[in-house]
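Novice: Using this note's numbering, read the sequence shown as starting at 73 and increasing by one per residue. Where is the CB? At the ideal position from N, CA and C, for every residue including glycine. The structure displayed is predicted, hence computed values, not measured ones. One structure coming up, written as structure tokens, with questions to follow.
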Amino acid sequence: EQMLRLQRVAYRVIWVNPLKVSPGYAPLARGMAAAMPFIDDFVEGHSLEALRELTAVIARESQEPSKTRKVVSHA
């Protein structure tokens, strides 16, 4: 419910997860799995270099939200 609300008010949803860099990591926890359809960019956050890459993701302000993003009616 909260991710749906966030999606409605945000142009893009960028999720930073330091665990993403771990070999074999998959967003399988119930909460993370539920959030994934609402996330446009799922990026690493484990190092300074990863945060630099995050700034590049944020800088792509003209990028449209992900085509795989769950489509939600705003009615």
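Per DSSP, what kind of secondary structure is V129 in: helix, strand or coil?
Specialist: helix
Novice: Give the DSSP-derived three-state secondary structure of E116 in the structure shown.
Specialist: strand
Novice: For A105, decide whether its Cβ has a neighbour in chain D, counting only Cβ atoms nearer than 8 angstroms.
Specialist: Absent from the structure is chain D; it holds one protein chain and no more.
Novice: Alpha helix (DSSP H) containing V81: first to last residue?
Specialist: 74–81
Novice: In the DSSP assignment, what are the bridge partners of V88?
Specialist: DSSP output for V88 lists V115 as bridge partner(s).
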